[in-house]
Every structure is written in structure tokens, then in C-alpha cells.
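For reference, the structure is listed below as C-alpha cells.
Number of protein chains: 2
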Amino acid sequence: MKLSRLGEFGLIERIRRRAPGGRGVRIGIGDDAAWVSHGSGSSLITADLLIEGVHFDLKRTSLFALGYKSLAVNLSDIAAMGGTPAYAILSLGIPGNLDSKRIDEFYRGFNALAKQYDVALIGGDTNVAESIIISVCVIGHPPLRPVCRSGAKVGDDIYVTGTLGDSALGFKLLHKKVTSTNRHSIAQLLERHHKPTPRLAAGAVLARRHLATAMIDVSDGLLQDLGHICGASNTGAVIWNEQLPLSPAYRELAGKEGTVYALSGGEDYELLFCARPRHRKRIEKLKAFAQVKITRIGSCVSADRRITVLDSGGKPLALPIKGHDHFKK
Amino acid sequence: MKLSRLGEFGLIERIRRRAPGGRGVRIGIGDDAAWVSHGSGSSLITADLLIEGVHFDLKRTSLFALGYKSLAVNLSDIAAMGGTPAYAILSLGIPGNLDSKRIDEFYRGFNALAKQYDVALIGGDTNVAESIIISVCVIGHPPLRPVCRSGAKVGDDIYVTGTLGDSALGFKLLHKKVTSTNRHSIAQLLERHHKPTPRLAAGAVLARRHLATAMIDVSDGLLQDLGHICGASNTGAVIWNEQLPLSPAYRELAGKEGTVYALSGGEDYELLFCARPRHRKRIEKLKAFAQVKITRIGSCVSADRRITVLDSGGKPLALPIKGHDHFKK
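Heads up: the sequence lines are chains A and B, in that order.
So that you can map any letter, position 151 of the first sequence is 282 in this note's numbering, and since no number is skipped, the others follow by simple counting.
So that you can map any letter, position 266 of the second sequence is 397 in this note's numbering, and since no number is skipped, the others follow by simple counting.
Next comes the structure, spelled out in C-alpha cells:
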């Protein structure tokens, strides 16, 4: 079967089923990060591979932003388990005719974020390549109980941090004609696209206080990532379209497309999590520690009801196209 | 400065100088693997990036061998620190039109070696790409004191495991006309090229018994990797050309090129290490535990004498071209 038919998630499931297991693996393939033992200690581990022409275009991003983002997306995975990042491994494929100053710019972006979160760069590999390839692996310290995708129960509330859709809308507007009135708003959206903020404080406090029953970071679009939680937890979900947190810039620029980018745009790197309704007040109070706003956007329902988005009148929306799959066209 | 002028090792040094440090880093950039703390435990971490068209050509290798080798080269780095591998992260870039059976073949090779050494595959990332990209990260358990490149002293003996040059000579002969008499020998060399054996038992026993003062795996050629030990340890080295361990197949096929491939061919994935002369007998006895022969090939001298290879008459050889640099042409 061609990969374009099997799809990214079909492939991952195939790999997972055949993957050799071993002692010390507490969480293996299939969550935001793996959790493994080292003697009496343990660690969270995650990896991302970014490829020029697939994930980024140097005409539309600076190398500084690329360095920053390549670390940020991995820190976001550690955040989604409730962990604290500690070490990074960075492997690069680099065209041989690139000037070393351009590589310095990449490392400045990477190191700027690393320093902010006290992440040490401990190794990697450098190779010549036709185009830029970035492979990052981040190792973090877990909370007492890392938060998986599989812990949601029917009746749980569904929350998301920050605002949704900014990154995808910003990316879409990158090449649109910019009027003087909305230049500032577009810049705000693009900042979110190029320099996503990993929600480490929010993830850590949710895990430490055992408030999140399931958690994931929104990288492939809200609905797709919610689908991963529902699949792993065996629930369905109802999302209230009116409650989706949208930034002023998004509201200004989305126009007739409404919440499409918020629902399935991807690259938000916000945390999507579930919690018991009895913890609503505690989560309300958490906002100061989490350093980001937290919005209740829906509720877990039985699995047979799948995922529904309701409009303000309580009627199901026709769902927009699902999020990203690297292999399907 | 163009990367092709700065070179791979110039770039790595530049990255190392600017890399953000952090608590818990016991060994950072610049050895075969990093060594970091996790609470009261610790781990070794190494990574390698393999790119189609740079590191391999699908016309000359099977996907099974590619999967096998992409893990083997990382296990070799763990062996060079004296560690035991435990977990692997595998990220892949895959052309969308590739049949999933071909990917299965890759995973069969990877998993075969992983099972042999009890390494669990715990995660990774899969992406569509123009050509195949393989990024592997291996996490291992360290010995009490991992063996660095920097511990050699003037007067130390220099040893290497197994035989040298088989892989590089095999690769060179891949497209030569094969006569019926040497087909078997070529196959032996190619087996070493496609399926290198990580010297984990040897590395572990040398570290556990505190016999190796410095160690590295031979990936870029004996002389280049010896240069890394000498650079880190501030010594020079004398190597006796006659003592280089050569396989019968190598002796049969190297012809007038003599020890050129053994000295600088690369991709041997044997362990090169130094030890005190007073431990010669203990190292002699070690061979059973190490599951591979160990040959004394030289001696550490003062740094100003650099690296010399002596022929059987004690005269310095004109050294062959140095080993591999990804960026220099």
C-alpha cells in the first residue's frame, strides 16, 4: 500500500504494533512524549523532524525563527505531558554552500529559547545535505504522573490554553496584499506562527495538581488533536463553536471563514486538556500560575457520538476539513 | 565563511562554544555521547542523521540493511562510552509514493538489531520528504564512569577491536568486476559495510574494569578518530602499520593499496581505545568477555610529535588522505 493511502497515522500505528518493547518503558510510542526509566530516575523524550520544502520555506521564515520554532515544538510536547525540559539534541543537514553566519542565525534562535527555559544543548550531528533538515530531540524531567492522552472520561470538561487559529491564519495571509490598517494584526498572527510559545508553566501546574485527566498539544489542528484524545480515551466530544478562544487579530482578519482556522488550522502549540467538572473552580484559579488564559470549550461525551461542533443555537456545524496528515494528499 | 571552508569540525567547535549549558550535564557536546542526570539516575544520549544521496544510495543497499545500520552506528557511540543501550527514537522522512512494504523492510532491519540488544523503540516522527531521511537518537545506561576521549596519557598503549578497513574496501569494490575466486571475500567485506557490529560487550567491560583511559568508535577512519582522542587528551600517537588488524578478505583484496583503507577508510565501527601499559595482561585476558579480538597497534607520545604511522623498519609512512569531513570537498 502506498504511504499516501496508508496515511501518517496508519503508518504510526503499524510501527507501534511492531516496535520492540523493553524494560523501563513506562509510556512508549503514541503520546506526545515517551516516558522511560534510568535506574531510580526517569525522563520524558520527544523528537521532531523538520524538512525544508515540507515544513518551511526560507523565503517565508528567518533562520532565527526557524531555530526558535524547531525547539519550541518539542518543548510543547514536553509541556503536554506536564514535564520540564532539560536537554536538547540537535542534528542538522545543511547545504555546503551556506554561509556559516546563516547557521549562526539559526543557533541564535535555538539558543535564545533554550536559555529562556534552561535547556542545555548536549549534542547532535551535522551533515551536508541538499536542503536544510532539522532533527531535534528533547529530554525532560517528568512530573510524578505524566499526563497521557488516554485519561479522559465521559462528562469531563474540555479546555484549551491561549487562542486558536492565529498561526494558520497568519500563514495563509503571508502573501496576501496587506492594507495599512491591518498590517499590525497580521504581524501579530505571524509572530504566533513563527515563534509559538510552549505552554510549559500551564502543563506543569496541571500535572502537578493532578487536574488534567488527558492532555495533548495542538499541532495538527484542534479537531484532529482532540480526535487523538478521544481515540486514546474512548470518548466522543462536543465543542461549542462560540466558546473557541480567538485573538482580536484573528477576529479582525478571519472574515467569512469564521472559526475554520481555529478548528483545524494547526501549529497553535496550545494545550488541549480534559478535567473533571468538580475541578472547575480550581482551574479557574489556576490562570495566574499557568501564565496564559484557559478557556472551557466543550465536554467529553460517549464515543459513539464522535466529535461534534455546535453553533450558538446548539446545532451541529458541518465540520471543516480535518487537520494535517503528512502523507495523505 | 562558507561551511565548505569552515568544515564539519570547525562548525561543531563553533556550536559547542555557544551552546547553552545547564544543570545536570556531566558530558556535553564533543564526545561519542552526552551524559546527563535525571534525578538520582543518569543516561547517555547520542544521535545520528543519515540522508539519502549523502550517506547511502538505495541502489547499493537494501532497506533492511539501512534500518539495521542506522541503529548500529548509534549503538556504536554508546559502546564507545562503555554504556548499555536502552531506548531508541527514530524519525523518518519518506517519499509519499514509497510502498509501505519497503518501510516495513526498513523497520525489520532496525527492529532485528534492537531486539538483539534489548533496545526499545519508544517514539519518533514520520514525515513526507523528497528522499529518505533517517534520524536516530539512542539513550543508554552509563557505566559508573563513562569513558571519554580525553583521558589518554603519554605512554598509554593504543588498541583497536576487530579488523580495520573492511567496510571502506568493500564499499569501493561494490561496482568492480567480480571474479569467481574473490566473490566470497567481497561479500564478507560488504557484510561489514552494511551490517556493522556495535562492540557493546567490549566497550562495557573496558569501562566496568576501568581499563580504557580514552575511547572512541572508528566511524571517520582510524587516523581521524585517533586525532580526536589525541586532540582531547593533548597527546600524539605512534601507530605500527604492521600491527593493524586486517581480515583475510582485506589482505586478499586490498592489493597495492595496503593499509590505506584500514588507516583512513572509515565506517569500521570498531572501538579505538587507550590503556596503561601495566594493564596489558588484563586486556589480553579480556578477549573472551569482549566477544571480539583486541589488537595493540601503537602508543601515545607527546603532543608535539603529532600522529605518525611507522612501517616495519620503523620509518614514518607518508600518511594517506585524512578521513571524512562532511563539508570539506
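Positions of the beta carbon are idealized from the N, C-alpha and C atoms, including for glycine.
What does a CB cutoff of less than 6 Å around residue i pick up in its chain, not counting 5 residues either side in sequence?
{"i": "residue 271/A", "result": "175, 209, 214, 215, 216 and 217"}
{"i": "residue 241/A", "result": "198 and 202"}
{"i": "residue 182/A", "result": "264"}
{"i": "residue 468/A", "result": "Only positions 132 to 460 of chain A appear in this structure, which leaves residue 468/A out of reach."}
{"i": "residue 374/B", "result": "428"}
{"i": "residue 292/B", "result": "330, 333, 401, 402, 423 and 425"}
{"i": "residue 168/A", "result": "155"}
{"i": "residue 290/A", "result": "404, 425 and 427"}
{"i": "residue 320/B", "result": "297, 300, 301 and 380"}
{"i": "residue 350/B", "result": "none"}
{"i": "residue 204/A", "result": "179"}
Sort out for me which residues DSSP pairs residue i with in a bridge.
{"i": "residue 257/B", "result": "223/B"}
{"i": "residue 169/A", "result": "172/A"}
{"i": "residue 346/B", "result": "404/B"}
{"i": "residue 179/B", "result": "267/B"}
{"i": "residue 154/A", "result": "Residue 154/A is not bridged to any residue."}
{"i": "residue 410/B", "result": "Its beta-bridge partners do not exist; DSSP assigns none."}
{"i": "residue 209/B", "result": "Looking at the DSSP assignment, residue 209/B forms no beta bridge with any residue, so it has no partner."}
{"i": "residue 216/B", "result": "271/B"}
{"i": "residue 431/A", "result": "368/A"}
{"i": "residue 251/A", "result": "218/A"}
{"i": "residue 441/B", "result": "371/B and 447/B"}
{"i": "residue 187/A", "result": "183/A"}
{"i": "residue 290/A", "result": "404/A and 427/A"}
{"i": "residue 230/B", "result": "133/A"}
Among the options, whose alpha-carbon lies nearest the alpha-carbon of residue i?
{"i": "residue 245/B", "options": "363/A, 449/A, 153/A and 242/A", "result": "153/A"}
{"i": "residue 248/B", "options": "192/B, 387/B and 206/B", "result": "206/B"}
{"i": "residue 429/A", "options": "372/A, 343/A, 310/A and 269/A", "result": "372/A"}
{"i": "residue 318/A", "options": "267/A, 302/A, 146/A and 195/A", "result": "302/A"}
{"i": "residue 409/A", "options": "169/A, 286/A, 233/A and 441/A", "result": "286/A"}
{"i": "residue 327/B", "options": "355/B, 296/B, 341/B and 305/B", "result": "296/B"}
{"i": "residue 238/B", "options": "252/B, 321/B, 274/B and 306/B", "result": "252/B"}
{"i": "residue 148/A", "options": "159/A, 341/A and 449/A", "result": "159/A"}
{"i": "residue 193/A", "options": "322/A, 351/A and 413/A", "result": "322/A"}
{"i": "residue 377/B", "options": "307/B, 294/B and 403/B", "result": "294/B"}
{"i": "residue 444/B", "options": "431/B, 413/B, 151/B and 370/B", "result": "370/B"}
{"i": "residue 255/A", "options": "259/B, 268/B, 257/B and 256/B", "result": "268/B"}
{"i": "residue 450/A", "options": "139/A, 404/A, 329/A and 353/A", "result": "353/A"}
{"i": "residue 221/A", "options": "418/B, 288/B, 411/B and 146/B", "result": "146/B"}
{"i": "residue 434/B", "options": "227/B, 360/B and 180/B", "result": "360/B"}
{"i": "residue 75/B", "options": "188/B, 168/B, 288/B and 231/B", "result": "Any question about residue 75/B goes unanswered here, given that chain B covers just 132 to 460."}
{"i": "residue 390/A", "options": "219/A, 304/A, 442/A and 190/A", "result": "442/A"}
{"i": "residue 81/A", "options": "133/B, 345/B and 439/B", "result": "Within the shown structure, residues of chain A are numbered from 132 to 460, placing residue 81/A beyond reach of any answer."}
{"i": "residue 179/B", "options": "233/A, 259/A and 231/A", "result": "259/A"}
{"i": "residue 234/A", "options": "219/A, 250/A, 320/A and 189/A", "result": "189/A"}
{"i": "residue 282/A", "options": "307/A, 266/A and 431/A", "result": "431/A"}
{"i": "residue 386/B", "options": "439/B, 304/B and 232/B", "result": "304/B"}
{"i": "residue 266/B", "options": "446/B, 219/B, 440/B and 157/B", "result": "219/B"}
{"i": "residue 137/B", "options": "440/A, 231/A and 447/A", "result": "231/A"}
{"i": "residue 355/A", "options": "440/A, 341/A, 388/A and 223/A", "result": "440/A"}
Please list, in chain order, all residues of the same chain as residue i whose beta carbon is under 7 Å from its beta carbon, the five residues on each side excluded.
{"i": "residue 299/B", "result": "392, 396, 397 and 398"}
{"i": "residue 362/A", "result": "none"}
{"i": "residue 163/A", "result": "177, 208, 211, 212, 347 and 348"}
{"i": "residue 383/A", "result": "313 and 316"}
{"i": "residue 325/A", "result": "192, 196 and 200"}
{"i": "residue 274/A", "result": "213, 214, 335, 338 and 339"}
{"i": "residue 187/A", "result": "181 and 197"}
Quick one: measure Cβ to Cβ for residue i and residue j, integer angstroms, because I've assumed they're closer than 8 Å.
{"i": "residue 436/A", "j": "residue 364/A", "result": "With 8 Å as the limit, residue 436/A and residue 364/A do not qualify as a contact, their Cβ atoms being about 13 Å apart."}
{"i": "residue 338/A", "j": "residue 379/A", "result": "Not confirmed; about 31 Å, so no contact."}
{"i": "residue 332/A", "j": "residue 406/A", "result": "Not confirmed; about 17 Å, so no contact."}
{"i": "residue 366/A", "j": "residue 284/A", "result": "7 Å"}
{"i": "residue 184/B", "j": "residue 135/B", "result": "The Cβ separation is near 17 Å, so there is no contact."}
{"i": "residue 87/B", "j": "residue 402/B", "result": "Because chain B is modelled from 132 through 460, residue 87/B falls outside the range shown and cannot be assessed."}
{"i": "residue 420/A", "j": "residue 336/A", "result": "5 Å"}
{"i": "residue 171/B", "j": "residue 171/A", "result": "5 Å"}
{"i": "residue 357/B", "j": "residue 345/B", "result": "Actually they are not in contact, since the Cβ atoms of residue 357/B and residue 345/B sit about 10 Å apart, beyond 8 Å."}
{"i": "residue 257/B", "j": "residue 139/A", "result": "6 Å"}
By Cβ distance below 8 Å, which residues in the same chain neighbour residue i in space, the five residues on each side in sequence not counted?
{"i": "residue 150/A", "result": "159 and 160"}
{"i": "residue 143/B", "result": "160 and 161"}
{"i": "residue 236/A", "result": "193, 194, 195 and 198"}
{"i": "residue 341/A", "result": "276"}
message: Going residue by residue through the region 299-361 of chain B, where are the continuous beta strand (DSSP E) segments of at least 3 residues, counting only ones entirely within it?
response: The beta strand (DSSP E) runs lying completely inside the region 299-361 of chain B and spanning 3 residues or more are 345-348, given in chain order.
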